[in-house]
Amino acid sequence: MPLYKYSSQFGGGSQYAYFHEEDETSFQLVDTAKTQKTAYQRNRMRFAQRNLRRDKDRRNLTQFNMQTLPKSAKQKERDRMRLQKKFQKQFGVRQKWDQKSQLKPRDSSVEVRSDWEVKEEMDFPRLMKMRYLEVEDPTDIECCGALEHYDKAFDRVTTRNEKQLKSIKRIFHTVTTTDDPVIRKLAKTQGNVFATDAILATLMCCTRSVNSWDIIVQRDEGNSFNSPRNLAMEATYINHNFSQQCLRVGGERYKFPTSNPFVEEDTDKGEVASVAYRYRHWKLGDDIDLIVRCEHDGVMTGANGEVSFINVKTLNEWDSRHCNGVDWRQKLDSQRGAVLATELKNNSYKLARWTCCAMLAGSEYLKLGYVSRYHAKDSARHVVLGTQQFKPNEFASQINLSMENAWGILRCVIDICRKLDEGKYLILKDPNKKKKPKEWAELRLVPPVLRQQLLLVGQRPGNQGACWDSRGRRAKRLIHSGDTADATSAEHAKNTEEHVQNPEWQPV
Numbered sequence: 001m002p003l004y005k006y007s008s009q010f011g012g013g014s015q016y017a018y019f020h021e022e023d024e025t026s027f028q029l030v031d032t033a034k035t036q037k038t039a040y041q042r043n044r045m046r047f048a049q050r051n052l053r054r055d056k057d058r059r060n061l062t063q064f065n066m067q068t069l070p071k072s073a074k075q076k077e078r079d080r081m082r083l084q085k086k087f088q089k090q091f092g093v094r095q096k097w098d099q100k101s102q103l104k105p106r107d108s109s110v111e112v113r114s115d116w117e118v119k120e121e122m123d124f125p126r127l128m129k130m131r132y133l134e135v136e137d138p139t140d141i142e143c144c145g146a147l148e149h150y151d152k153a154f155d156r157v158t159t160r161n162e163k164q165l166k167s168i169k170r171i172f173h174t175v176t177t178t179d180d181p182v183i184r185k186l187a188k189t190q191g192n193v194f195a196t197d198a199i200l201a202t203l204m205c206c207t208r209s210v211n212s213w214d215i216i217v218q219r220d221e222g223n224s225f226n227s228p229r230n231l232a233m234e235a236t237y238i239n240h241n242f243s244q245q246c247l248r249v250g251g252e253r254y255k256f257p258t259s260n261p262f263v264e265e266d267t268d269k270g271e272v273a274s275v276a277y278r279y280r281h282w283k284l285g286d287d288i289d290l291i292v293r294c295e296h297d298g299v300m301t302g303a304n305g306e307v308s309f310i311n312v313k314t315l316n317e318w319d320s321r322h323c324n325g326v327d328w329r330q331k332l333d334s335q336r337g338a339v340l341a342t343e344l345k346n347n348s349y350k351l352a353r354w355t356c357c358a359m360l361a362g363s364e365y366l367k368l369g370y371v372s373r374y375h376a377k378d379s380a381r382h383v384v385l386g387t388q389q390f391k392p393n394e395f396a397s398q399i400n401l402s403m404e405n406a407w408g409i410l411r412c413v414i415d416i417c418r419k420l421d422e423g424k425y426l427i428l429k430d431p432n433k434k435k436k437p438k439e440w441a442e443l444r445l446v447p448p449v450l451r452q453q454l455l456l457v458g459q460r461p462g463n464q465g466a467c468w469d470s471r472g473r474r475a476k477r478l479i480h481s482g483d484t485a486d487a488t489s490a491e492h493a494k495n496t497e498e499h500v501q502n503p504e505w506q507p508v
């Protein structure tokens with residue numbers, strides 16, 4: 001009895017006995033076959049490990065770069081990374097697939113007022129598809145001015161025998177289309193659309209533009225016609241000086257039948273810059289007679305005495321660390337193609353505009369000078385590191401510049417302007433509009449791509465005027481106002497050369 005004292009508590013009694021019976025109602029069929037996994041599920045661990053390795057490599061590379069930088073540069077790098085992390089946290093995306101984010105908004109070239117009315121919007125994807133193939137060869141109406149001969153000694157300049165860039169004290173006439181006396185004379189007898197080569201090139205290559213720009217459009221009835229801004233002024237200063245320094249000063253000039261129309265009688269003609277103006281006529285269909293003032297910067301004489309007209313432009317380096325790390329003094333002589341490729345990436349719009357101007361003027365050659373700061377922190381002293389020569393047609397093919405598309409864009413803009421009421425208008429590029437990326441299905445976590453569009457705003461009787469906007473990397477808008485539009489130069493796109501470096505480093 002003592003041995004079984006607690007048997008009832010531990011199953012000794014019948015009340016706790018188990019009797020096996022078949023219960024068909026609780027029976028279920030279980031599928032033991034393996035489920036089919038997607039490619040991402042099969043490799044999710046591999047993807048996660050790859051992302052971890054990439055992030056680790058980036059951190060190690062950043063730490064290594066920080067060790068090689070001076071103390072002040074380290075602080076700037078920390079500030080940049082802090083802003084980048086703040087941007088990523090705010091918008092919930094990470095920089096992947098080599099997509100560069102714009103950390104700060106760009107400024108518009110003119111102040112857009114709230115009472116301006118949008119007249120037309122032209123987005124870049126639509127403009128890029130336009131073609132106009134019926135462009136005939138131009139006819140020269142009048143040629144004015146005198147040109148100096150190019151000094152071929154500049155073709156032998158390298159990084160080892162650099163030349164100091166001189167400050168040339170000469171007069172550069174930047175006369176708008178409406179103030180041009182030759183254009184005014186021609187408007188009485190022929191033509192119904194008038195512009196300069198700089199204005200046409202700005203419109204024809206607008207789909208490549210990054211910074212904001214603006215152009216004044218005057219519509220009349222009948223037959224009449226290290227901030228980005230500081231870098232733009234520096235680029236214009238360099239371009240003017242180099243275009244005169246590379247010429248043989250004091251020699252005999254190549255003179256056209258008509259003298260420079262902008263030289264006044266009391267002006268010292270010896271101080272006027274070497275420039276010639278070629279007024280050309282294009283027929284765009286049956287209803288548009290286009291007259292354009294084009295420019296040549298100099299002439300070259302060949303071995304057989306033939307004369308070739310040239311356009312001289314300048315690329316400038318302000319800090320190699322902020323342009324993909326390509327140091328011109330180290331790479332220009334041995335890897336000039338890499339330097340030019342970097343400039344094409346950072347300044348595609350500017351190079352396309354120069355090429356378009358040379359083709360409109362009929363220049364045989366386009367001369368590019370490579371000018372760098374004497375010291376990265378000195379924006380007043382520069383040195384010439386080398387030159388390069390191209391034929392405009394061949395260079396246009398290299399940079400994928402389609403003149404059929406350029407003429408199509410121009411014809412579209414002209415048609416829109418001719419439909420407007422009489423008044424003044426401004427073409428302006430909106431710098432900060434965004435669009436959803438087309439690659440969203442293929443690329444994930446891509447920062448929003450900037451939308452590039454062109455808007456036109458017009459002037460109504462009794463109202464403030466209207467303008468067009470065009471400049472940043474995203475969208476374009478058109479706007480106008482009576483006072484603001486008059487104060488904005490139509491040559492803005494030419495006189496403020498756009499020099500945009502890597503947006504990640506751009507000192508906005």
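For the sequence shown, the UniProt record's numbering assigns the number 1 to the initial residue and increments by one for each residue that follows.
Note that beta-carbon positions come from the ideal geometry of N, C-alpha and C, so glycine has one too.
For clarity, every value in this text was computed on a predicted model and none was experimentally measured.
Let's see if you can read the secondary structure: which residues bound the alpha helix (DSSP H) around residue 526? Limits of the chain in this structure are 1 at one end and 508 at the other, which puts residue 526 out of reach.
Does L410 pass the burial test, meaning 16 or more other C-beta atoms within 10 Å, or should it be called exposed? buried
For F172, name the three-state secondary structure that DSSP assigns. coil
For A198, name the three-state secondary structure that DSSP assigns. helix
Would you mind sorting N316 into buried or exposed? The rule is 16 or more other CB atoms within 10 Å of its CB. buried
So I215 packs on I427, CB below 8 angstroms; how close in whole Å? 4 angstroms
Opposite T301 in the DSSP bridges: which residues? V307
Is the beta carbon of I354 less than 8 angstroms from the beta carbon of K313? What sits at residue 354 in the sequence shown is Trp, not Ile. Yes, the Cβ-Cβ distance between W354 and K313 is below 8 angstroms.
Which residues DSSP lists as bridging D378, in chain order: H375
For the structure I just gave you, are there three or more beta carbon pairs, one from the region 231–238 and one from the region 109–128, closer than 8 angstroms? no
So the beta strand (DSSP E) E117 belongs to, where does it begin and stop? E117 to D123
On the criterion of 16 or more Cβ atoms from any shown chain inside 10 Å, does N241 qualify as buried, or is it exposed? buried
Measuring alpha carbon to alpha carbon, tell me which of M233, F262 and E364 ends up nearest residue 517. Because the chain here runs from 1 to 508, residue 517 falls outside it and cannot be looked at.
CA nearest to the CA of A361, picked from T202, H296 and S209: H296
Proximity winner among S397, C294 and G386, relative to L344 (alpha-carbon distances): S397
Grab me the residues of N223's own chain with a C-beta within less than 7 angstroms of its C-beta, minus the 5 sequence neighbours each way, in chain order. Legend: pLDDT at N223 = 46, less than 50; position of this residue unreliable, value from coordinates given subsequently. Only A187 and N192 meet the Cβ criterion.
Exposure label - K367; buried when at least 16 CB within 10 Å: buried
Please specify which runs of the beta strand (DSSP E), each continuous and at least 3 residues long, are wholly inside the region 200–266, giving them in chain order. 214–219
Using a Cβ-Cβ cut-off of 8 angstroms (strictly less than) and excluding sequence neighbours within five positions of T387, which residues of its own chain qualify? F154, D155, V157, C246, K367, L368, G369 and Y370
Within 10 angstroms of its Cβ, does V307 collect 16 or more other Cβ (buried), or is it exposed? exposed
Which whole-angstrom value describes the C-beta separation of W282 and V175, a residue pair presumed to lie in contact below a C-beta threshold of 8 angstroms? About 21 angstroms; that fails the 8 angstroms criterion.
Do you know how far the Cα of K255 is from the Cα of T301? 14 angstroms
By the DSSP assignment, the beta strand (DSSP E) with residue 551 in it spans what residues? What is shown of the chain runs 1 to 508, which leaves residue 551 out entirely.
Under a Cβ-count criterion, where at least 16 other Cβ atoms within 10 Å of its own Cβ denotes burial, should R58 be classed as buried or exposed? exposed
Where does the unbroken beta strand (DSSP E) through T342 begin, and where does it stop? Per DSSP, T342 belongs to no beta strand (DSSP E); it is in the alpha helix (DSSP H), R336 to N346.
Starting from the Cα of N161, find the closest Cα among C206, V275 and D333 and give me that residue. D333
In angstroms with no decimal places, state the Cα-to-Cα distance between R336 and N51. 35 angstroms
Give the DSSP-derived three-state secondary structure of D421 in the structure shown. coil
Quick check on the DSSP output: the alpha helix (DSSP H) that includes R184 runs from which residue to which? P181 to A187
Have a look at N304, V249, N230 and I310 and flag the residue whose alpha-carbon is nearest the alpha-carbon of A380. N230
Taking the beta carbon of R106 as the centre, do at least 16 other beta carbons fall within 10 Å, making it buried, or is it exposed? buried
What number of angstroms, rounded off, separates the C-alpha of D327 from the C-alpha of H375? 13 angstroms
Three-state class that DSSP yields for E317 in the structure shown: strand
Per DSSP, W282 is paired with what? L290
Return the chain-ordered list of same chain residues with a C-beta closer than 6 angstroms to the C-beta of P261, the five sequence neighbours on each side being excluded. C144, P181 and V182
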